[in-house]
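Some notes on the structure that comes next.
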Amino acid sequence: MGRHPLSLLIVVLSLMLLPYGYTWKEYRIRRSIDLSFTNPLISDTKLPNELVPSGYSLYLHPILEKSSFAGRVNITMMCAKSTNQITLHAHHDLTVDELDLEVVKMSDESKIAIRRVGRVPKKPLLEIYFHNSLTVGVSYEVRLKFNGNIWENVEGIFEGKYKQQANAGGTDTDAEGVIEAEEHSYVSTYFRPHHARRVFPCFDEPAYKVPFNVSIVRPRTHHVLFNTELERTEQLTPNDSKYVIDVFKRTPPMSTFTFGFLMSDLQQVPSMSDEKDDELKKPAIRIWARRDFQKNVADVEQRVKLALKKLKDYWGVDLPLEKLDVVALPGFSYVKPADNWGLIVFKESELMRGYYNLAQELVYQWLGSWITPHWWSDAHVNKAIAGFLSADTAIKIDGGDEFEGKYPMTILYSIYYEFSKRYPHSRITGQKHETTCSKTELVLRMLNYTLGAATFRRGMQKFIQHREYKTFYGDDVWEALTKQAHLDQRLCESATVNDVVNSWITKDRIPMVKVIRSYDDRTATVMQKLYLRERPHDVLDKDKMLWWIPLVVVTQDRLNFGNISAVKWMKQVREIKLEELPKPDEFIIVNPEEIGPFPVNYDERNWNLLASFLQKEEGRTKIPVYTRAKLLHDAWNLAYAGELSFGTAFNMTLFMKYERNHLVWNPVFTLIDHIGRHIDMSAVHKKFEMYVRTLLTPLYEELVINQQENEEMWKANLRSLAKNFLCRAGYKPCIEEAQRAFNKWMDSPDPDAGNPVANQYICPVFKWGTREEWEFGLQRVINFPESRVKSERTYLLKTLAGCPSQPFKIDRLLNIMVLEDNGNFTDNDISLIFKMLSGGSSGYTTLFNFLKNNWDAIKLRFKNRESLWDNMINSATGLFTTQEGYDMVSQLYVQHQGEFGTAEHIIEKSLKNIKEETKWSDENLPVIEKWLDNFLASNGVADQKFLG
């Protein structure tokens, strides 16, 4: 049967007026997204899909002196499905004139009769209802007027002020003839992720990419930067000498969140490039800053051009912009730059150095603005690609100097710690989106290695091709990589990148791999399981979790760390076998250079082969830095998790006597802290401190002797860390230096006027110093003047509680704050003290005894202060790790059963946790003590330089 001509016309029109780059089937079906994967901070108020926008005509009039704006918008749209209403995003802060509103049919400008207009309670929606349904396939235009506020916080349209010195020769001088600083104002926008609705009614979803025609009113004293170039400037009214209207070129199709403008009197930084020699003809790069700051960003144009060229070479396609404005905005406080299409706004400090931040925002111009995630559920893929490519770009340009070699270890270690908890993200729910992005970035890095950089790049180019001004789903990236990997024979035909990636990013977990070698037949059994550091390991369905894991293997007989091809993939199987391994007296390394984000465990013999090899100069030379760091980091964390003997893990630290690379040392400090806190209630802790001092003293003293004025930052940081940990462990020269500095404060005529002591000296004095020194600090808190910065008092209070190892100091503080109810201390102060006391056994043991000995008085004090009571019970009972601690808390619970009130569940949870930690202590403390005894004896440790 033939199709009716009118029906055919409607279908053709429907296809023509869909958002750029979509088929009708794709738009109707693929618009349905599982919101469970979106950023929890982003509203899921999605619009109905009956109407599809095709363009905006927007007029904005920011009124600086009133911190408000007015405007009007005409939105053209096509009716895709029968409906009798139009629904738009409009924030409750935005006032829409619901009386002066009209909807017209585009073909003949006829007005559509409106039945009613209203706002949806508790949702950022404006609804327009009609008497009759709109006609499918016909275009309409809604015309609205609105006004709103310009805010100081960075959402929607915001304002800011800055001061800069007046031009020399000006008249603004004070009585002594000194030129005064002038105040300047600006107005800018921040629309990501969904703040366009705060400024004008719109379809505020990333999938709707349509052109904008924009006019903006400005004072003659300012200029406006927008997504596109200025087309012309018109008079606001014939007699108005104060304001003009800037009319901008029509934008390409773009999402509302990439819309942006800046109205200011910032000046363009003079270009340092020679146009004749400039390889990058388009886009035209312009840098903007306040006059006083221009010398600090003089090289930004060249850095932008260099990064753009690298990214253009990577993508294989030009950035389709006529111009790109990059702004150093004074007083801009938001965490992330405003990455508008063709206009990137940074805080000033972010433009001072390096390539990473610049490259990341430039990637967003390609992938984010030009090509956009269909919905926020795929934004983590966009961000992960931007993170990976910006790091890759920075490393290609300057070797990654700004990372000091730490990429990607910093994010990798944080992923290891977060995803090995019993309840990841339980403390900070908003952190989940960030860690998902970080893990996806690490998976991209893994694919870049295992598929090969050339294949990976060609796959990314294949993904970006033919997607101009369109949107994408995460799976589109993985499908493009799969096609290229199959074409280049880098992945077997039965496998897909989708399978690999989904096994990683759909779980808030990571695996660990265990390699057990069979030395006689030169094979190994490789097993995967869920990696858990926190105890108990009672995670639901842990045995069902499996990953696609590439096994890259380096052997002692062929130490080729440039060969990063996987010898095998664990294709979501529990166990596989490796063959043709080296002789029994030679080690193997699996997952060198942290190619995949997972730790690796070995049998004890292989670990000991590695430990012995690293103690030789040849070993430390042949095994690269990242792999040395990985072996050390994996061993200690696996021991902490109960997967490896602590004797074996401690053996892996023996080569640190000779190690001087900061990347290998960085995880050591974290591990010392973790283990030290866990065992600091036991008798083993004193021996552990002696081990720490023995380990760190040669490093620290060498760094002090070789200290230079213009040394690399990593050396200063490493020296500072070593000193900090030595001070904590009782290194006498450190304590004496701190006391000398502290005495200058004690001897000053007016000690409350200010703190002349560097923060690094305060904690060692309060921990190891005299009663008099600690009491002096306490009096400074009590007598702290109102005129001084409150953060200094907070720091003093934290160190007074968190640093001392002698119970009498802590007991004195608790008596003053809790029993005497001293008026100098607020409830927030008391909560802070409880939190600090939970950081070490001296603190929480003293707090426990204080609670036990003063139960009735404390109960009376906290009768109507349940939050303080709960905090105290948590800090006093929750941190014990030995049987002795369990017995103490259990006795308190029995003695006062039924008297804990709101904290009843807290102490019950504490008892459960202590029981689990006691098992760990019973299993590991004897092993740790035995190893430490042997180590200290073999090193002949002399204690004349140490306290404790």
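Reading the sequence shown from the start, the letters are residues 1 to 948 in UniProt numbering.
Here a beta-carbon is modelled for each residue, glycine too, at the ideal position from N, C-alpha and C.
Remember, predicted model here, so these are calculated numbers, not experimental data.
Query: Suppose you measure from the CA of F137 to the CA of A80; what does that come to, to the nearest Å?; Result: Here the sequence assigns Gly to residue 137, which means Phe is not the residue at that position. So the alpha carbons of these two residues sit roughly 6 Å apart.
Query: Who are F69's beta bridge partners in DSSP?; Result: P62, G148
Query: Might you give, ordered along the chain, the residues of its own chain that have their beta carbon closer than 7 Å to the beta carbon of D827, omitting 5 neighbours on each side?; Result: R865, L868
Query: Pairing CB atoms from the region 84–101 with CB atoms from the region 134–151, are three or more of them under 8 Å?; Result: yes
Query: Name, in chain order, the residues that DSSP records as bridge partners for T471.; Result: T372
Query: Shortest alpha-carbon distance to W478 belongs to which of S503, Y469, K470?; Result: S503
Query: For R422, does the three-state DSSP call read helix, strand or coil?; Result: coil
Query: Considering only the alpha carbon of each residue, which of F598, L609, W745, S921 lies closest to I679?; Result: S921
Query: Considering only residues of the same chain and omitting the five flanking positions on each side of W341, which have a CB-CB separation below 6 Å?; Result: N227, M254, T258, S369
Query: Measure the Cβ-Cβ separation of I510 and F419 and say whether it is below 8 Å.; Result: yes
Query: If you drop the 5 nearest sequence neighbours on each side, which residues of the same chain put their C-beta closer than 7 Å to that of R780?; Result: P751, D752, L796
Query: Comparing alpha-carbon positions, which option in S645, V526, T496 lies nearest E604?; Result: S645
Query: If you follow the beta strand (DSSP E) that T555 is part of, which residue opens it and which one closes it?; Result: 553–555
Query: To the nearest angstrom, how far is the alpha carbon of I385 from that of L444?; Result: 7 Å
Query: Please list the terminal residues of the continuous alpha helix (DSSP H) segment that includes Q760.; Result: 759–768
Query: In the structure shown, what three-state DSSP assignment does Q528 receive?; Result: strand
Query: Going along the chain, which residues of its own chain have a beta-carbon closer than 6 Å to the beta-carbon of G156, five neighbours each way excluded?; Result: H195, R198, V199
Query: Could you spell out where the alpha helix (DSSP H) holding I928 opens and where it closes?; Result: 904–939
Query: Counting along the chain, where does the beta strand (DSSP E) carrying residue 967 start and finish?; Result: Past the edges of the chain, shown from 1 to 948, lies residue 967, and the structure says nothing about it.
Query: My assumption, with CB atoms under 8 Å, is that V625 sits in contact with V600. Please give the rounded CB distance.; Result: That belief does not hold up - the Cβ atoms of V625 and V600 are roughly 17 Å apart, past 8 Å.
Query: Closer than 6 Å by C-beta to C437: which residues in its own chain qualify, once you throw out the five before and the five after it? Chain order, please.; Result: H380, K383, A384
Query: Alpha carbon to alpha carbon, what distance is there between S333 and K123?; Result: 28 Å
Query: Looking only at its chain, what residues have a beta carbon closer than 8 Å to the beta carbon of Y531, apart from the 5 residues adjacent to it on each side?; Result: Y416, F419, S420, R509, I510, P511, M512, F598, P599, A641
Query: Pairs of beta-carbons, one from the region 515–528 and one from the region 453–473, closer than 8 Å: are there three or more?; Result: no
Query: I need the DSSP call for H89, collapsed to helix, strand or coil.; Result: strand
Query: N755 and E792 - do their beta-carbons sit closer together than 8 Å?; Result: yes
Query: Where does Q806 sit, in a helix, a strand or coil, going by DSSP?; Result: coil
Query: So L88 and F203 are supposed to be a Cβ contact under 8 Å. How far apart are they, rounded?; Result: 7 Å
Query: Checking the sheet assignment: what are the DSSP bridge partners for I576?; Result: V526
Query: May I ask you to report which of helix, strand or coil DSSP gives I395?; Result: helix
Query: Which of the three DSSP states, helix, strand or coil, is assigned to M460?; Result: helix
Query: Given a threshold of 16 other Cβ atoms within 10 Å of its Cβ, counted over all protein chains shown, does Q360 qualify as buried or as exposed?; Result: buried
Query: Using a Cβ-Cβ cutoff of less than 7 Å, which residues in the same chain neighbour residue 1000 once the five nearest sequence positions on both sides are dropped?; Result: Because the chain in this structure spans residues 1 to 948, residue 1000 falls outside the shown range and cannot be described.
Query: Kindly give me the distance between the Cβ atoms of R72 and K161, rounded to whole angstroms, as I take these residues to be in contact under 8 Å.; Result: Not quite, the Cβ-Cβ distance comes to about 28 Å (not below 8 Å), so this is no contact.
Query: Buried or exposed: which applies to A307, given that a residue is buried once 16 or more other Cβ atoms fall within 10 Å of its Cβ?; Result: buried
Query: Check each candidate in P330, I833, E231, V244 and name the one with the smallest Cα separation from V217.; Result: V244
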